[in-house]
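J.: In this note's numbering, the protein residues as written are 339 to 893.
Built from N, CA and C at the ideal position, the CB exists for glycine as well.
Predicted model only: the values in this text are computed from it and were never measured.
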Amino acid sequence: MTSTLIEQMVASAIANNSDHISPQTSYYSSAKINSLFSPCPCGADHNADEHQRVMEGMPTDPAELVNDLIKMGHYSDRAQLMAMSWETNAMKADLWQLLEQGALANATESQKLICYDLIKLAGGVEEAFSAAFGPQAQEFFGDALQSSTFRRREFLIKVAAAAAVVTLTGCPSAPPETPTPQAGSPNVPSPAANLEKTSLKVGFLPITCATPIIMSEPLGFYTKHGLKVELVKMPSWAAIRDSAIAGELDAYHMLSPMPISMSLGLGSAAFPIKLASIENINGQAISVANQHLGKVKEPKDFKGFSIGVPFAFSMHNLLLRYYLASGGLNPDKDVQIQVIPPPDAIAKMTAGQLDAFLLPDNVVQRSVFNKIGFIHLLTKDIWAGHPCCAFAASEKWITANPNTYRAINKAIIDGAGYANDAKNREEIAKAIAGKNYLNQPEPVLKAVLTGKFEDGQGNTLDVPDRVGFDPYPWKSFAKWISSQMVRWELMPKEKADYKAIAENIYQTELASELAKELGQTPPTATERIEKLKFDSFDPAKPEAYIEEQIKQFKI
Numbered sequence: 339m340t341s342t343l344i345e346q347m348v349a350s351a352i353a354n355n356s357d358h359i360s361p362q363t364s365y366y367s368s369a370k371i372n373s374l375f376s377p378c379p380c381g382a383d384h385n386a387d388e389h390q391r392v393m394e395g396m397p398t399d400p401a402e403l404v405n406d407l408i409k410m411g412h413y414s415d416r417a418q419l420m421a422m423s424w425e426t427n428a429m430k431a432d433l434w435q436l437l438e439q440g441a442l443a444n445a446t447e448s449q450k451l452i453c454y455d456l457i458k459l460a461g462g463v464e465e466a467f468s469a470a471f472g473p474q475a476q477e478f479f480g481d482a483l484q485s486s487t488f489r490r491r492e493f494l495i496k497v498a499a500a501a502a503v504v505t506l507t508g509c510p511s512a513p514p515e516t517p518t519p520q521a522g523s524p525n526v527p528s529p530a531a532n533l534e535k536t537s538l539k540v541g542f543l544p545i546t547c548a549t550p551i552i553m554s555e556p557l558g559f560y561t562k563h564g565l566k567v568e569l570v571k572m573p574s575w576a577a578i579r580d581s582a583i584a585g586e587l588d589a590y591h592m593l594s595p596m597p598i599s600m601s602l603g604l605g606s607a608a609f610p611i612k613l614a615s616i617e618n619i620n621g622q623a624i625s626v627a628n629q630h631l632g633k634v635k636e637p638k639d640f641k642g643f644s645i646g647v648p649f650a651f652s653m654h655n656l657l658l659r660y661y662l663a664s665g666g667l668n669p670d671k672d673v674q675i676q677v678i679p680p681p682d683a684i685a686k687m688t689a690g691q692l693d694a695f696l697l698p699d700n701v702v703q704r705s706v707f708n709k710i711g712f713i714h715l716l717t718k719d720i721w722a723g724h725p726c727c728a729f730a731a732s733e734k735w736i737t738a739n740p741n742t743y744r745a746i747n748k749a750i751i752d753g754a755g756y757a758n759d760a761k762n763r764e765e766i767a768k769a770i771a772g773k774n775y776l777n778q779p780e781p782v783l784k785a786v787l788t789g790k791f792e793d794g795q796g797n798t799l800d801v802p803d804r805v806g807f808d809p810y811p812w813k814s815f816a817k818w819i820s821s822q823m824v825r826w827e828l829m830p831k832e833k834a835d836y837k838a839i840a841e842n843i844y845q846t847e848l849a850s851e852l853a854k855e856l857g858q859t860p861p862t863a864t865e866r867i868e869k870l871k872f873d874s875f876d877p878a879k880p881e882a883y884i885e886e887q888i889k890q891f892k893i
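In structure tokens form, the structure reads like this:
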């Protein structure tokens with residue numbers, strides 16, 4: 339980036355972010371900075387004759403100039419945080435590329451410099467991988483930025499670039515054009531007169547399980563129902579939970595057990611959540627690292643493995659435990675189950691920190707795409723039609739915004755109906771592949787959504803129901819989940835009021851009502867016998883089911 343361009347970014351950012359200008363009087367006063375260039379991006383006129391005089395005495399090195407201005411308070415927190423995010427991602431990408439290359443000798447010079455810094459800071463290669471992709475990754479990279487002279491310069495330049503972005507996005511502009519209705523959307527959006535809010539923030543994790551929530555933005559389903567939704571990408575399920583409790587979001591993409599665990603105060607403060615609709619059924623799989631190819635055929639073969647799941651209160655954890663126990667393995671003694679955010683799983687398997695993981699299909703398919711793992715089993719073969727993720731909102735927010743809640747739930751159920759039609763899957767894969775959404779190669783998403791995929795064992799498979807998008811929240815789902823949380827001591831027995839949990843948290847009747855308004859044909863029953871690979875679950879007898887499982891599998 340040239341010095342002239344940096345100077346322009348500095349001038350435009352400061353000239354147009356006056357609310358963040360330091361009040362102190364200095365040689366870099368806002369008036370003098372504003373005089374650097376004429377006109378500024380917002381159209382103001384400045385005295386070009388003063389340019390040379392103002393520039394005299396300023397650091398000539400762009401990075402030093404930005405560093406001085408940061409110390410003086412001329413850059414907003416937003417610009418600095420944006421730059422930190424950019425630079426952290428760049429550093430993470432460097433380490434990730436090194437992982438894929440497998441040797442530092444093959445890295446570029448710039449990659450070598452930062453990797454040496456990261457390794458030195460962490461105390462070793464393996465320690466650097468763990469720190470870079472672990473729960474404290476943000477702090478680790480922040481420390482690296484402070485200690486690395488090489489990377490600090492790049493970060494300072496990015497601050498100027500980020501400030502320019504903040505400036506441009508903050509300047510007045512013409513109202514955005516109304517999105518062109520996409521397939522499945524109406525010609526005229528629904529009226530929003532009765533909605534308490536029309537602009538919403540919805541948190542999501544970048545996985546295919548969130549397809550109806552994500553695709554409803556680019557394909558126009560939110561607009562159809564009178565809403566403008568900002569999708570907020572979150573790093574982990576714990577972050578979703580914490581943001582929900584803090585009231586930072588209007589609604590959320592959640593794992594289907596999370597409304598239960600949060601409402602009952604399991605693993606966090608009690609915070610009543612309602613499960614509005616199911617986002618996906620099936621759509622998960624077990625990936626095993628390639629070094630175990632040919633050695634893993636059945637559950638007992640996982641003994642001694644380190645296995646990743648996305649969250650303690652997840653279908654992934656419960657299905658994995660169910661599967662391992664069927665082979666005589668105690669999930670708490672015979673394997674090590676690690677909670678790992680889905681976006682970090684590939685790096686951890688590449689680094690040899692995971693033998694396997696049970697995660698969403700796009701992460702599993704990425705392991706095959708990257709040639710580091712193979713698909714052992716689709717979760718539909720453990721329980722066909724099982725729930726995974728859900729759309730949810732807090733009881734407090736629903737009470738304050740009942741009409742808006744119905745509208746967004748209806749929009750997502752509408753989107754789920756569109757996603758459940760196989761002929762729309764390739765269009766959807768293209769719509770959600772971008773960086774704002776899943777940030778995944780389109781072929782990976784097509785393989786997941788169409789069910790035409792490679793399994794990493796030399797087979798090409800065609801499984802149309804690999805993932806489905808049936809939004810109906812069966813109350814029997816809630817009861818099975820609760821039974822397994824009791825079985826594995828994730829829920830105290832005294833809190834397991836199965837009927838109350840299903841009735842109060844899973845909003846089956848509302849989902850049915852909204853689906854009918856959309857012309858869909860939801861089931862008339864609210865619960866059913868659930869048929870799994872090794873047994874069947876009668877929702878009328880959850881306690882007996884637990885006893886039968888323990889008796890059958892001796893675990």
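State the Cα-Cα distance for the pair M592 and S554, rounded to the nearest angstrom.
T.: Mapped onto the sequence shown, residue 592 falls at position 254. Mapped onto the sequence shown, residue 554 falls at position 216. Cα-Cα distance, rounded: 16 Å.
J.: I'd like to confirm the pairing. Which residues does DSSP put opposite K790 in its beta bridges?
T.: Against the sequence shown, residue 790 aligns to sequence position 452. Beta-bridge pairing links K790 to D800.
J.: For K709, count neighbouring C-beta atoms within 10 Å of its own C-beta (all shown protein chains included) and say buried if the count is 16 or more, exposed if not.
T.: As a working note, residue 709 is residue 371 in the sequence shown. It is exposed - the Cβ of K709 has fewer than 16 other Cβ atoms within 10 Å.
J.: Please state whether DSSP places P550 in a helix, a strand or coil.
T.: Your numbering for residue 550 matches position 212 in the sequence shown. Assigned with DSSP and collapsed to three states, P550 falls in helix.
J.: Starting from G646, trace the alpha helix (DSSP H) in both directions and tell me its first and last residue.
T.: Here residue 646 corresponds to residue number 308 of the sequence shown, with the count starting at 1. That residue, G646, is in no alpha helix (DSSP H); its beta strand (DSSP E) goes S644 to V647.
J.: Using beta-carbon positions only, say whether L852 and A650 come within less than 9 Å of one another.
T.: Residue numbering aside, residue 852 sits at position 514 when the sequence shown is read from its first letter. Residue numbering aside, residue 650 sits at position 312 when the sequence shown is read from its first letter. For L852 and A650, no; Cβs fall outside 9 Å.
J.: Counting only runs of 4+ residues fully inside the segment 691-730, write out the alpha helix (DSSP H) ranges in chain order.
T.: 699-707
J.: Quickly, what does DSSP pair Y844 with across the bridge? List them, please.
T.: By one-based count along the sequence shown, residue 844 stands at place 506. In DSSP, Y844 forms a bridge with L613.
J.: What's the C-alpha gap between P811 and K718?
T.: For the purposes of this step, residue 811 is identified with residue 473 of the sequence shown, where counting begins at 1. For the purposes of this step, residue 718 is identified with residue 380 of the sequence shown, where counting begins at 1. When rounded, the distance between both Cα atoms is 17 Å.
J.: So the alpha helix (DSSP H) F559 belongs to, where does it begin and stop?
T.: Against the sequence shown, residue 559 aligns to sequence position 221. Looking at the DSSP string, the run of the alpha helix (DSSP H) that includes F559 is F559 to K562.
J.: Starting from A627, trace the beta strand (DSSP E) both ways and give me its first and last residue.
T.: Position 289 of the sequence shown, counted from the first residue, corresponds to residue 627. Element bounds for A627: Q622 to A627.
J.: For G755, report the span of its alpha helix (DSSP H) as first-last.
T.: Working through the sequence shown from its first residue, we reach residue 755 at position 417. Residues P740 to A757.
J.: Given this structure, state the Cα-to-Cα distance separating A548 from A728, to the nearest angstrom.
T.: By 1-based counting over the sequence shown, the position of residue 548 is 210. By 1-based counting over the sequence shown, the position of residue 728 is 390. Each residue's Cα considered, the two are about 8 Å apart.
J.: When DSSP builds the beta bridges, which residues end up paired with E868?
T.: The count along the sequence shown starts at 1 and reaches residue 868 at position 530. Paired residue(s): F875.
J.: Which partner residues of I675 appear in the DSSP bridge assignment?
T.: The sequence position of residue 675 within the sequence shown is 337, counting from 1. In the DSSP output, where bridge partners are listed per residue, I675 has I645.
J.: With a 10 Å radius around its C-beta and 16 neighbouring C-beta atoms as the bar for buried, classify N797 as buried or exposed.
T.: Position 459 of the sequence shown, counting from 1, holds the residue named residue 797. Here N797 is exposed, its C-beta having fewer than 16 other C-beta atoms within 10 Å.
J.: Counting Cβ pairs, one atom from each stretch, are 3 or more of them under 8 Å apart for the segment 594-610 and the segment 557-567?
T.: no
J.: Would the beta-carbon of I884 fall within 9 Å of that of S821?
T.: For the purposes of this step, residue 884 is taken as residue 546 along the sequence shown, with counting starting at 1. For the purposes of this step, residue 821 is taken as residue 483 along the sequence shown, with counting starting at 1. Cβ distance < 9 Å, so I884 and S821 count as in contact.
J.: Who are the Cβ neighbours of T859 in its own chain at under 8 Å, not counting the five residues just before and after it?
T.: On the sequence shown, residue 859 is found 521 positions in, with the first residue counted as 1. Only A853 meet the Cβ criterion.
J.: Less than 8 Å between the CB atoms is what I'm expecting for A730 and L613, so what's the real figure, rounded?
T.: Start at 1 with the first residue of the sequence shown, and residue 730 comes out as number 392. Start at 1 with the first residue of the sequence shown, and residue 613 comes out as number 275. 5 Å between Cβ atoms; contact.
J.: Should W721 and K539 be called a contact, given that it needs their Cβ atoms to be closer than 9 Å?
T.: Here residue 721 refers to the residue found at position 383 when the sequence shown is read from its first residue. Here residue 539 refers to the residue found at position 201 when the sequence shown is read from its first residue. Result no, Cβ atoms of W721 and K539 do not sit closer than 9 Å.
J.: Indicate the three-state DSSP secondary structure (helix, strand or coil) for L593 in the structure shown.
T.: Translated into the one-based positions of the sequence shown, residue 593 becomes position 255. L593: strand per DSSP, three-state reduction.
J.: By DSSP, does P637 sit in helix, in strand, or in coil?
T.: Here residue 637 corresponds to residue number 299 of the sequence shown, with the count starting at 1. P637: helix per DSSP, three-state reduction.
J.: Contact check, V677 vs P648 under 8 Å by CB: the rounded distance?
T.: Counting from 1 along the sequence shown, the entry for residue 677 is found at position 339. Counting from 1 along the sequence shown, the entry for residue 648 is found at position 310. Contact between V677 and P648 holds: their C-beta atoms lie close to 7 Å from each other, under 8 Å.
J.: Measure the C-alpha to C-alpha separation of P830 and L604 and round it to an integer number of angstroms.
T.: The residue given as residue 830 occupies position 492 in the sequence shown. The residue given as residue 604 occupies position 266 in the sequence shown. Roughly 9 Å separates the two Cα atoms.
J.: Take every Cβ of the segment 788-803, pair it with every Cβ of the segment 833-846, and state whether three or more of those distances are shorter than 8 Å.
T.: no
J.: What first and last residue would you give for the alpha helix (DSSP H) that runs through E885?
T.: Here residue 885 is taken as the residue at index 547 of the sequence shown, counted from 1. Per DSSP, E885 belongs to the alpha helix (DSSP H) from P880 to F891.
J.: Quick one: what's got a C-beta closer than 8 Å to E841's C-beta in the same chain, skipping five residues either side?
T.: The residue given as residue 841 occupies position 503 in the sequence shown. The answer, listed in chain order, is K813.
J.: Kindly indicate which three-state DSSP category E568 falls into: helix, strand or coil?
T.: Position 230 of the sequence shown, counted from the first residue, corresponds to residue 568. Residue state, collapsed to three classes: strand.
J.: For G753 and K889, I'd like the C-alpha separation in whole angstroms.
T.: Locating residue 753 in the sequence shown gives position 415, counting from the first residue. Locating residue 889 in the sequence shown gives position 551, counting from the first residue. If you take the alpha carbons of G753 and K889, they lie about 43 Å apart.
J.: Less than 9 Å separating the beta-carbons of S664 and P595?
T.: Taking the first residue of the sequence shown as 1, we reach residue 664 at position 326. Taking the first residue of the sequence shown as 1, we reach residue 595 at position 257. Result no, Cβ atoms of S664 and P595 do not sit closer than 9 Å.
J.: Rounded to whole angstroms, what's the CA-CA distance from P680 to H563? Just pull it up for me.
T.: Looking up residue 680 in the sequence shown gives position 342. Looking up residue 563 in the sequence shown gives position 225. Near 31 Å, if we compare the C-alpha coordinates of H563 and P680.
J.: What's the call for Q629, buried or exposed, on a 16-neighbour Cβ count within 10 Å?
T.: Your numbering for residue 629 matches position 291 in the sequence shown. Exposed is the call here.
J.: To the nearest angstrom, report how far apart M687 and L543 are at their CA atoms.
T.: Residue mapping note: residue 687 aligns to position 349 of the sequence shown, counting from 1. Residue mapping note: residue 543 aligns to position 205 of the sequence shown, counting from 1. Roughly 20 Å separates the two Cα atoms.
J.: So for F542, helix, strand or coil by DSSP?
T.: Here residue 542 refers to the residue found at position 204 of the sequence shown. In the three-state DSSP reduction, F542 falls in the strand class (E or B).
J.: Cβ of M823 within 9 Å of Cβ of S574?
T.: Taking the first residue of the sequence shown as 1, we reach residue 823 at position 485. Taking the first residue of the sequence shown as 1, we reach residue 574 at position 236. No, they are not a contact pair.
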